Amino acid sequence: SQKIEQNSEALNIQEGKTATLTCNYTNYSPAYLQWYRQDPGRGPVFLLLIRENEKEKRKERLKVTFDTTLKQSLFHITASQPADSATYLCAPIGGYQKVTFGIGTKLQVIP
Amino acid sequence: DAGVTQSPTHLIKTRGQQVTLRCSPKSGHDTVSWYQQALGQGPQFIFQYYEEEERQRGNFPDRFSGHQFPNYSSELNVNALLLGDSALYLCASSLVGTSGLYEQYFGPGTRLTVT
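Protein sequences, first through last, are from chains A and B. Taking my numbering, I'd label the letters of the first sequence as residues 2 to 112. Taking my numbering, I'd label the letters of the second sequence as residues 9 to 123.
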């Protein structure tokens with residue numbers, strides 16, 4: 002069955018450093034992969050989408066890579082700020098628009 | 009421009025009861041998806057509606073049903089509630105046929121507690 006793995010433990014990082022979050026998937030080949038941010042008690046907020054033929058995508062301080070051979074996506078936040086503290090969800094899209102979310106990684110940026 | 013709205017924000021029901029949750033999509037969006045998010049888990053896809061039809065469904069029993077209205081708003085119905093149905097129910101809207109198809113806008117969710 003399809004499986005998505007994200008670091009379920011919290012990631013603590015010092016302000017100003019680069020945070021790197023990992024998403025691994027098995028047993029399917031998504032054509033797209035999305036990353037969302039979710040704050041406690043709120044709905045997820047779309048951040049970035051990367052296609053299978055794109056190796057890397059950037060948006061301001063965010064960068065996403067997508068390695069279909071390794072079945073892995075990496076999500077980077079450069080110059081991290083305390084306001085970046087949240088849970089980040091990986092969401093591969095397989096089949097016809099079927100979005101499957103990972104459990105998320107909780108990022109804590111320490112001032 | 010109003011984003012996705014959901015009602016109610018919180019709801020407490022008893023086992024065996026039925027519940028209806030409501031969602032209004034972002035202005036201009038025509039597709040609505042529903043997700044269930046248990047505490048500490050990622051959202052789980054329930055189903056998606058487009059043109060008033062259920063287009064795709066996740067691994068949820070028939071107790072979960074939905075509807076989409078001509079104005080694109082949607083309802084999620086859950087019958088014969090179980091304790092395990094306690095969760096945050098999220099509605100997300102998107103627009104078919106554009107590059108933003110997969111960019112979903114989520115509402116704040118409805119927190120359902122079954123006792």
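Each residue gets a CB set at the ideal place from its N, CA and C atoms; glycine is no exception. This structure is a prediction, so every number in the text was calculated from the model and none was measured.
Residue-level contact by beta carbon holds for B/Glu111 and chain A, with a gap shorter than 7 Å.
At a cut-off of 7 Å between beta-carbon atoms, B/Gly36 makes no contact with chain A.
For the options A/Leu63, A/Thr21, A/Pro83, A/Ala80, the alpha carbon positioned closest to that of A/Leu50 is the one of A/Leu63. When the beta-carbon positions are compared, B/Arg65 and B/Phe77 stay at least 7 Å from each other. Of all C-beta pairs linking the region 90-104 of chain A to the region 25-37 of chain A, three or more are shorter than 8 Å, placing the two stretches in contact. Secondary structure remark: continuous beta strand (DSSP E) runs of at least 3 residues inside the region 8-40 of chain A, in chain order: 12-15, 20-27, 33-39. Approximately 5 Å separates the beta-carbon atoms of B/Asn85 and B/Thr28; this is inside 8 Å, confirming the contact.
The beta carbon of A/Phe102 sits closer than 7 Å to some beta carbon of chain B. Beta-bridge analysis with DSSP links B/Gly74 to B/Leu84. The distance from the Cβ of B/Arg30 to that of B/Gln14 is about 7 Å, consistent with a contact at the 8 Å cut-off.
Residue contact check for A/Gly95 against chain B: no CB pair falls below 7 Å. Spatial neighbours of B/Pro16 in its own chain (CB-CB distance under 7 Å, excluding positions within 5 residues in sequence) are listed in chain order as Thr118. The beta carbons of B/His37 and B/Leu103 sit about 5 Å from each other, so the pair counts as a contact at 8 Å. Under the DSSP assignment, A/Gly95 falls in the beta strand (DSSP E) whose first and last residues are 87-95.
Secondary structure of A/Asp68 (DSSP, three-state): strand. Taking 7 Å as the CB threshold, B/Pro33 stays off the interface with chain A. Taking A/Glu16 as the centre and dropping the five residues before and after it, the same chain places the C-beta of Ser81, Gln82, Pro83, Val110, Ile111, Pro112 closer than 7 Å to its C-beta, in chain order. A/Leu22 places its beta carbon 7 Å or farther from that of A/Phe102. A/Asp40 is positioned such that its CB atom lies closer than 7 Å to that of A/Ala87. In the structure shown, A/Ala84 falls within a helical segment according to DSSP collapsed to helix, strand and coil.
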